[in-house]
Every structure is written in C-alpha cells, then in structure tokens.
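Peer 1:
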Amino acid sequence: MAFLNNSFAERHFDFFSLNEPYSYDNNITNIPKAYKIAAHHTAPKSAIAIKSSFNSQVIHITQEIVVILANIFDMDLLLASIYCPPSNNIDDNLNILRPILNKYTDLPMIILGDFNAKSRVWGQRNLDDRGSKLLSFCNQQDLNIENSPDSLPSFSSIRGESWIDLLITKNLQNEISMEILDEVTNSDHNLIILNYPLHQTSQCNDRKIFLRANNWFSIKSSISQIIDANIDIDQLSTVEINTYISSIQNHIFEANSTFSNSRTNMIDKKKKRSAVWWTSELEVKRSKTRALRRQFQKERNQQIRSHKKLIYKKNLAEYKKLILNTKKRKFKEFINSITNSSLFGKNFNIITNKKKRSTLYKPVFKSDGALSSSIDETTSAILDFHFPWSNVPSPPSIQQNIDDFTPATCQELESLILSIKPNKAPGPDGLPGEIIREIFYANKTWFTELFNTLLQRGFFPTPWKIAKIVLIDKDLKTMDHPSHFRPICLLPCWGKVLDKLISDRLSYHLESEHKLSGNQFGFRKYRSTVAALQNILNFHDEASRSQQMTCLISIDMSNAFNTVDWNILFNKLNSLNLPIYLTSIIQHFLSDRKVQLQGQTKDYNRGIPQGSSLGPILWNVFIDDLLHTDFGPNIMIQAFADDILLMLKAPASYCFTQTSKDALKIVDTWTKDNLMAINHNALQVLAGIPPLDIYLKHTRKLHHIKMGQSAVSFHDLAIQPNTIDFKKPIIQPWTKTSLSWSLFSAKLQGTLIYTDGSKLNSQVGGAFVVFQQNSETCFKKYRLSNSATVFMAELVAIDKAIEYVILHKISPANIITDSRSVLLALSNPNNLDPSITCIKNKVRNYTGQVHLFWIKAHAGHMGNERADELAKEATNSPTIDITIPINLQFIKKLIKKDISAEWQDRWTNSNKGREVFALLPTTNEKRVQGDFFLNQLITGHGTLAVYQNRFFGKTAACECGSPREDRNHLIFDCPQRDSIRSKFFPSNFKRSSIDLLLFNPKSKNGLREIMQRKLQTLLNQIEDEDLQA
3 MAFLNNSFAE
13 RHFDFFSLNE
23 PYSYDNNITN
33 IPKAYKIAAH
43 HTAPKSAIAI
53 KSSFNSQVIH
63 ITQEIVVILA
73 NIFDMDLLLA
83 SIYCPPSNNI
93 DDNLNILRPI
103 LNKYTDLPMI
113 ILGDFNAKSR
123 VWGQRNLDDR
133 GSKLLSFCNQ
143 QDLNIENSPD
153 SLPSFSSIRG
163 ESWIDLLITK
173 NLQNEISMEI
183 LDEVTNSDHN
193 LIILNYPLHQ
203 TSQCNDRKIF
213 LRANNWFSIK
223 SSISQIIDAN
233 IDIDQLSTVE
243 INTYISSIQN
253 HIFEANSTFS
263 NSRTNMIDKK
273 KKRSAVWWTS
283 ELEVKRSKTR
293 ALRRQFQKER
303 NQQIRSHKKL
313 IYKKNLAEYK
323 KLILNTKKRK
333 FKEFINSITN
343 SSLFGKNFNI
353 ITNKKKRSTL
363 YKPVFKSDGA
373 LSSSIDETTS
383 AILDFHFPWS
393 NVPSPPSIQQ
403 NIDDFTPATC
413 QELESLILSI
423 KPNKAPGPDG
433 LPGEIIREIF
443 YANKTWFTEL
453 FNTLLQRGFF
463 PTPWKIAKIV
473 LIDKDLKTMD
483 HPSHFRPICL
493 LPCWGKVLDK
503 LISDRLSYHL
513 ESEHKLSGNQ
523 FGFRKYRSTV
533 AALQNILNFH
543 DEASRSQQMT
553 CLISIDMSNA
563 FNTVDWNILF
573 NKLNSLNLPI
583 YLTSIIQHFL
593 SDRKVQLQGQ
603 TKDYNRGIPQ
613 GSSLGPILWN
623 VFIDDLLHTD
633 FGPNIMIQAF
643 ADDILLMLKA
653 PASYCFTQTS
663 KDALKIVDTW
673 TKDNLMAINH
683 NALQVLAGIP
693 PLDIYLKHTR
703 KLHHIKMGQS
713 AVSFHDLAIQ
723 PNTIDFKKPI
733 IQPWTKTSLS
743 WSLFSAKLQG
753 TLIYTDGSKL
763 NSQVGGAFVV
773 FQQNSETCFK
783 KYRLSNSATV
793 FMAELVAIDK
803 AIEYVILHKI
813 SPANIITDSR
823 SVLLALSNPN
833 NLDPSITCIK
843 NKVRNYTGQV
853 HLFWIKAHAG
863 HMGNERADEL
873 AKEATNSPTI
883 DITIPINLQF
893 IKKLIKKDIS
903 AEWQDRWTNS
913 NKGREVFALL
923 PTTNEKRVQG
933 DFFLNQLITG
943 HGTLAVYQNR
953 FFGKTAACEC
963 GSPREDRNHL
973 IFDCPQRDSI
983 RSKFFPSNFK
993 RSSIDLLLFN
1003 PKSKNGLREI
1013 MQRKLQTLLN
1023 QIEDEDLQA
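Quick note: to get the numbering used here, add 2 to the position in the sequence shown (first position is 1).
1. Is residue 28 near residue 44, with beta carbons less than 8 Å apart?
2. Could you give the distance in angstroms between the alpha-carbon of residue 179 and the alpha-carbon of residue 377?
3. Please report the straight-line C-alpha distance between residue 40 and residue 391, rounded to a whole angstrom.
4. Grab me the residues of residue 485's own chain with a C-beta within less than 7 Å of its C-beta, minus the 5 sequence neighbours each way, in chain order.
5. Could you check where the alpha helix (DSSP H) with residue 794 kicks off and where it finishes?
6. In the structure shown, what three-state DSSP assignment does residue 85 receive?
7. How about residue 508 and residue 647: are their beta carbons less than 8 Å apart?
8. Assuming residue 900 is part of the alpha helix (DSSP H), what are its boundary residues?
9. Can you list, in chain order, the stretches of the beta strand (DSSP E) that have 3 or more residues and sit fully within the stretch 960 to 1030?
10. Would you say residue 816 lies against chain B (beta-carbon separation less than 8 Å)?
11. Taking the runs of the alpha helix (DSSP H) that are 4 residues or longer, which of them lie wholly in the stretch 33 to 111?
12. Could you tell me the alpha carbon to alpha carbon distance between residue 657 and residue 937, rounded to whole angstroms?
13. Going residue by residue through the stretch 411 to 469, where are the continuous alpha helix (DSSP H) segments of at least 4 residues, counting only ones entirely within it?
14. In angstroms, rounded to a whole number, what distance separates the CA positions of residue 625 and residue 511?
15. Could you have a look at residue 658 and say whether DSSP puts it in helix, strand or coil?
16. Suppose you measure from the CA of residue 482 to the CA of residue 364; what does that come to, to the nearest Å?
17. Counting C-beta neighbours from all protein chains within 10 Å, is the total for residue 587 16 or more, i.e. buried, or is it exposed?
18. So residue 110 and residue 174 are supposed to be a Cβ contact under 8 Å. How far apart are they, rounded?
19. Between residue 464 and the rest of its own chain, which residues show a CB-CB distance below 7 Å, the 5 nearest in sequence each way excluded?
20. Measure the alpha-carbon distance for residue 872 versus residue 768 and round it to whole angstroms.
21. Using a 10 Å radius around the Cβ and a threshold of 16 neighbouring Cβ atoms, would you call residue 237 buried or exposed?
22. What separation, rounded to the nearest whole angstrom, lies between the Cα atoms of residue 904 and residue 437?
23. Can you check which of these residues, 290, 161 and 421, is closest to residue 301 by C-alpha distance?
24. Report buried or exposed for residue 758, applying the criterion of at least 16 other Cβ atoms within 10 angstroms of its Cβ.
25. With H, G and I counted as helix, E and B as strand and the rest as coil, what does DSSP make of residue 586?
26. How many Å lie between residue 785 and residue 879 at the Cα?
27. Taking the C-alpha atoms as reference points, what is the distance between residue 470 and residue 496?
28. What is the DSSP secondary structure of residue 674, counted as helix, strand or coil?
29. Alpha carbon to alpha carbon, how far is residue 74 from residue 169? Give it in angstroms, no decimals.
30. Okay, do the stretch 738 to 753 and the stretch 853 to 868 touch, 3+ Cβ pairs below 8 Å being the bar?
31. What three-state label does DSSP hand residue 602 in the structure shown?
32. By DSSP, does residue 849 sit in helix, in strand, or in coil?
33. With H, G and I counted as helix, E and B as strand and the rest as coil, what does DSSP make of residue 161?
34. Can you tell me whether DSSP reads residue 564 as helix, strand or coil?
35. Would the stretch 81 to 100 count as touching the stretch 53 to 69 if we require 3 or more Cβ pairs under 8 Å?
36. Determine the DSSP secondary structure at residue 123, reduced to helix, strand or coil.
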C-alpha cells in the first residue's frame, strides 16, 4: 500500500480498483483523502476508490464484489471491482454480478478484477474450467475482454507467472488502452494502468479562489479596477442590483482564474517531477532494483535464482529504506518552508489528520418507499427530504423604499467583516472572506452605500440566497435514508455580512425589549449550557425543599430547523412590533432561496436557512410562544435551541401520569398548529441513568475541583484546591511525532525487554525484564501510587525500559508489551499527554534504535509471563517508588464509582420495584431494555392477567386454562406460546432464567412477540365486553 501512495504522487488516477488490499482495523490504508472509497466494512477483498469531485454512489458491496455508479466528466459509468478466490466457485461471483449488469445494460461499464481464471484469450496459459465459465459469461453479457495475450503477466512470484487480472468493458464509445507495468511493488500482482479518452468538462459547479502570496497582489489590484464607484447604486432597480453584484463576483473570480492559469502554464513548461520528495538518487536505485528483479525472475536454475533473489531482496530493502529517509527529510524541509507563512490552516489539518474523507453514497429510500436507482435520484431524494417544498400561498409583500431605518455605518460593517473567520469554506460564488474584506477596504463608502440601499429597500440580493450543500454522514452502518445525512450549507461570504448585519439588529431589538422567553438558552449572548443546567438544578432543588419529586421529559422535534413554515414565522415576527425595514428584509431574505448539490439546484420554501447567522435567531422567534405557554405551577418548560425539556414536580410519582399527559398534550397541540412534528422515537422519560440527586451530589465535587473552591474528599483521599493542572499542553504542530510498533515474532533477535503493569487490591505496580539470548539478565520493578491506572503502570514500565536502554547504550533494543492501548497512544501524533510526549522525545533523541512490539498476553511467552509476575510483585511492595499526580480521569473514575455504589445501595435496600429487582439486581448505566413490551415482563405490569386482576378486578386466569397468568407462566409454561418458543428460544430454555433470555437477541424477540400477542388478546377481550354491553 505504501507503493500505491507513491503512485498517487506520480500519477493522477481518476479512480482505481484494488483486490485483496492491505487493511488495518478493517480500514484500507494509504489511500489519499481526496478519494472516496467503496469497500466492505469487514475484511474487504475488493475496493474502488474514486476522486471526490466525481458524483458517485454505491450499487452493490460485498467483501469480494464492489459496484458503483459514477459520473466522470459528464459520462455515467458503471465501475466494478471483483475478486474471485481460487478456492471458491466462480459461478457464485458471476451470479451476483449478472443481475446488476442486466439492470444497467445500456450504461458504459468497466470491470476490473482478479478472476483466477486461465485462457489463451488473455494470457499464455491453457483454458481451465474457470476460464471457460468466464468466457461464457462474457459472451452472454456481450462483454469485451481488453487484455492481450502478449502482455506482461499480471501476477509474478517464485511460484510462477500468470495472467489472472482482467479488464472487461461494455458500451464504451472510445477505444480503451491498458498497460501492465513492470514496476517494483509490494505485491505479487503488477500495476495495471488503463486510459480512456474523455472530453474533460468541469465536473461540478464548485469554484474557489485559492489565496497565495504570489497572486494576492494581483487579486487586490483587480478588485480596485472592477468596483465602479461612479455607479449610482440608489438608482439601480433590484434586478440591476442582482446583475451588478453577480458581475462583480464573476469578474473577481475570472481575474484570479486568468492569473492562476498563467501560473499553471509557466509551471507546465518546467520539468515535472513525479513527487516532491523524488530525487535522482532514487531514480538510479529504482532502475537497479527493477533490473535485479527481472534477472532473478528470468533465471530457471534454482541455485542461481536463489542467489540472485537474495541480491534483489537486499537492494529492494535498501531502496525502500532510502525512500523512507528521503521522504522524512523532504517532509521536514517542507514543514519548515510553510510554517513561517501559515502556521495553521490546510497544512495543519493535514498534519493533525483533521480532514475527513468524503463519503461514497449508497442508494436511499425515496418518498414513495422505492430505492433510488441513479445518482440524480439519490441527490433529489436527499434534497427533497432536507429542503421540502410546501404548497402554501406566498405571504403578502411588505412595502419597499422605507425611509424610517437606521443606516449602517462604516464602523459597523467593518466589525462584521473582521468577524469573518479566515480560511472558511466559501459558498457557490467561490469568494472567501478575505476577498470580501478587500472589496470593503477598496471603497468603504461605496460598500456602505450598497448595504444601506439594500436595507432601505428591504432587499436581499438573489446571488446571496444560493447555498452550496456539503453532506456529512452520521456514521451509521446503513446509510440508506436521507435522514442519515446532515447537510452543511455553505453561503456566499458577501451575503453573510448582510445576514450578520440583520441578525445583530434583530437580536438587539429582541434582547433589549425582552421579547424572548428567559427559558430559551440557545443562540443567545451570555447564555450557555451551564446556565441551562443551572436552571434545571434550581427547579430540582426547589422541589426537594418542598419534599416533592421531579420528572424530566426530553422532547425532540423531528427535522425541526428544516420544517419551519415561513408564513407562520412571518406572522410571529409581525406580532413583535419590530421596525418595518427589519421585517421587510427578513421576509425577502427567506424568499426565493435555492440549494445546490452535485450539480442539482433546488428551490425550497420551508425551514431556517442553515449556515446563516439569522437562522438560529428566527428559530428562537418561532418557538418563543411555546416557551411562554402557561403549563401550570408545577411544570416548567425550557429549550436549548430545538432541544426542549419539560420539568415536572409532584408530591408522589403517580401524579406524573396525568400531569405529563396534560403537558405533552399542550406541546402536541402547538406542534400541530405550527406544522411541526415530534420525533416519538426520541421522546423518552430519562431512565437507565443514575438518580438525578445522586448524580448531582457527586458531580458537584468535580465542579468544585475545577473551580478551586474547596477541598474535596473521596473516602480517605483529600484533594486540595488548585492542586490539579487542567491546562492542556500547547506544542508546535510540526514537532508532533509518533512511534511505530509491530507484532511480536518468536524469531526476534537481540536484546528483548518485556514490560507489564498490574493492579491488585487497589495497589499498582509496573516492571520490565531484560533477556539476552533467551536468558534473563536484569529486571526492575516499581510500585506506583494508588491513584495510578494500569495504563499508567504500563506506560511507566516502558518509560523505565527506555531509560535503561539509553543508560546502557543498547542498539537495537526491542521493547515488548501486551498493552495495545499504550502502543496506540504512542503511535498517535495527536496524543499530547505529557507522559506520552516524554517517551516519544526520549526515543526520538536517542542515537540508537528502539523498536516497539505487541505480544498477546498470557499466551505462554516466557518473557511476558515473567514481566507480569514482576508487576504483580511490585503491587505488594510496602513503599511507593513512583508518585503519579492525580489527574482528571482518576477523579472522574472515583466519582463514577461513588455514584454506582450509592445507586446500587439505594436499589438493593428499596422496598419498591422488587419484581424488577428479581431480574435486574445490579444497577447499570447502560440501559439494556426500554421496550414497551419487554418492560411489562420486567415489571410484571401492563397486560399480564395477574396485574389486571390486582388493579381492575379482572380474572387472573390464562386463556389456556391455567389459574394464574404471570410472566413465568407466559414464558415457560403456556401451551399457546409453544410456536414462539420453538422459533426463538434455545432448546434448553426451560433451564434458563428470564434475565438470560432478555440478554439473548433472538430470545428477546420471542419475549417481545409473546407480549405483543398478549396485548392483542386483551384488546380483543375489551372489544367483546364493549359489544356485549
């Protein structure tokens, strides 16, 4: 895969296919983030990577077959990557591929794969059974095999050569060419390059000005020339203003493009290198290595061949090492060259791995329930869901040319422009914030006059109402519904200045005149999540003082921001008696809005414009009347943006049944009146978490520690104020480093140092032991303070081992640990923990070689078992050798432990819920259940006959004739549930307990179906009773 990464630097692939790719943690490695990857999430055998700029979506993904539909330079193309293992029946793979090719039979197709099939049609091997089946399949599907039998072998190893990697096409208008390269790779397979000529059009509507030192002066000069201060903006019509603004934006962009193209042409005339780190020395070494490879592969005398292979392998190792060292050296030079001009930004994101790979989308369900079958259908379905169109009449227009308004000043606009963050992604106009700043400074008077004209007319220019959409997936396993994507709207930066001007003025009127409810904590100055939580605490404390219980209900509005009705919003704005110029321009701000995604443009007339400064404030206006609703003396409602909380208090818990019902009815009525909807899947009374009073009691300790207010005690441990440093270290980004590690091999030679950490009886120890030629030569063990974790003990052991290596000048030194978490921390360049950084620096500054290895714990390795024994011995030491400072994680662990202990004690000693206690005697913050039907089994309530008999006087008998229908009878004995048991329960379910059945996914479904049938039976009985009455 490292070879692949080098190939990206040499060639600009539009897409590529991989078979049996190297992967780590089920992720394919070394693929640049400019590519989208289509591959199975578990042990992929095939994959396709395609440039993110191409619109594409997944058609089919399994471990061995990947098929995508792509639009490359305005041509729809079906791409398939397939791996047919030699041990499997090739028919299985071809049968999967057949219906896909039939469905898209008229589309151009390119199929690449390792078929493990032989034929003289494409190689120099005789036809085999797999080859015969593949030829028959290609004839049936009218497919063309592009491989030439005279080409180089696609597979070459010590076992021989073969032509098993094929390029298969269909419906291609132009001639395609392919070449099997004779290059050194890290695989037995050779790289296959294909070329297909296409007219390269602009792939998308995205455009962006890239600001560099060499074009900045040119851009500034062009801005001054483009702005015509002699134009009387006040005399322009609204249509002419739109044209005028678009003309300025286009001229600036074209001026930058002209300059950039001239620079590109100059660069093209220069000699291009394949990669920024490539050198002539590497060129010579590569040629020599290739020659040695050809010599050993052509040699048929096994003795001479083995000798030549050793020479080739030695040169290959030297070549790879030279590549690595050269890349490191060139990268350091590159970092030093950029940090003076741009410390953060794109380069910083690359170094710190902040840039996320684009997602390759799958077909999604449309509004009619069918799956999308093309890229355009997928795009339309996503846009229709997130940006709906409502067939409602447009609101009446508000008067224009308003004389009574407060003009904007140069200082006001300057403050807004300076607040635009640099390097923010631009909208569809392609102009970043820095360009808008230069437009302002080029002519402040002209800029201010333009904005005052817009305010006076209540006019928001049309070019500033178009948003470019970037989709962020929610990292779900099944991305097959539009709701699984979160759209990010990128708006024109110039329009965001006017947007911010309006929002600041609207906020001023709302806040200064106290028009908004005090219980809205989102999108408001001087209000935060802390204030919202404090309001909850105050409500709870007030209830506790009056000896009342509290209940908290969380309400989630379904797709809230995207479904706001504009007519209802305008009515609410008009009721606030705001200045007429403000309501006029806000109305125009919301009219005729458009979004763009993957080349499609869509109008929408509902929802708060995402990405705007004004949108969140308009949401606060929209929901404000709900927050002003009188729910009664014992109910309080508050919101943080669209997250709504109902807080209830009552003298007894049974009171919540009716009060919560009444409160939710008010909310439900409001949502219907305002054309909103509640997400009932997210509506839940908070449960499966520790009791609120216990949680607050203990988490306040953490707050006291952070604020340094007073000493805090945890049993026998007292923590004094200001003794813990909560500050995170700040380091130079370019000094970040990581330590690589490998899997342990029994063939490892040299000095072997095994490390381990242990915790026994709340005491912590670490140790390392040194082996030379399978003989123990030295060991050290240390006891750590009791506040340390096993992770810290492992870390200390490695740190002490490295100190031992440095002291005795051991090189190479092999340090072996069974702690993968420590190795992952050391290999993470973003882990800035002081202890981790200290170890990294020691290894980096040591002149010798230190190698880290992971070994499986308790697998019988002598060194690992010895280190484990020493670490356990260290925990019994009477004295502490190393004091580990108390950190935030340790405090949180103590708090969590105390919460769990008090919660468990309360649950154990309570006289309530004993039926539930019988099944779930141990408290757990991970709520296992939460289902309407299963909860009836756990609690013994609801539809069970014994419960109906106890509270409503109905019979306790089961319909099967048993005198008592409780949960044990339904689950284990009732004959009318035999079919469910045989379908879902294990054969030995009679010896199982209910809690074991609850924790088995299949059995849980059976329990659910039992209760569903019971509910239906009860409903039928009630219906019969009503009819008889």
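Glycine included, C-beta positions come from ideal geometry on N, C-alpha and C.
As the structure is a computational prediction, the values presented were derived from the model and not from experiment.
Peer 2: The structure says:
1. Yes, Cβ-Cβ distance for residue 28 and residue 44 is below 8 Å.
2. In a straight line, the C-alpha of residue 179 is about 27 Å away from that of residue 377.
3. 32 Å
4. Non-local beta-carbon contacts of residue 485 in its own chain, meaning distances under 7 Å to residues more than five positions away in sequence, involve 387 in chain order.
5. 792 to 810
6. strand
7. Residue 508 is not a Cβ neighbour of residue 647, given a cutoff of 8 Å.
8. 890 to 911
9. none
10. You won't find chain B in this structure, because it holds only one protein chain.
11. 92 to 105
12. 20 Å
13. 412 to 420, 435 to 444 and 446 to 459
14. 17 Å
15. It is helical.
16. 6 Å
17. buried
18. 5 Å
19. In the same chain as residue 464, and ignoring 5 residues on each side of it, the C-beta atoms closer than 7 Å to its own belong to 244 and 594, in chain order.
20. 8 Å
21. exposed
22. 59 Å
23. Ranked by Cα distance from residue 301, the first of 290, 161 and 421 is 161.
24. buried
25. helix
26. 6 Å
27. 14 Å
28. In the structure shown, residue 674 sits in a helix (DSSP, three-state: H, G or I).
29. 18 Å
30. yes
31. strand
32. The three-state secondary structure of residue 849, taken from DSSP, is coil.
33. coil
34. helix
35. yes
36. For residue 123, the three-state secondary structure derived from DSSP is coil.
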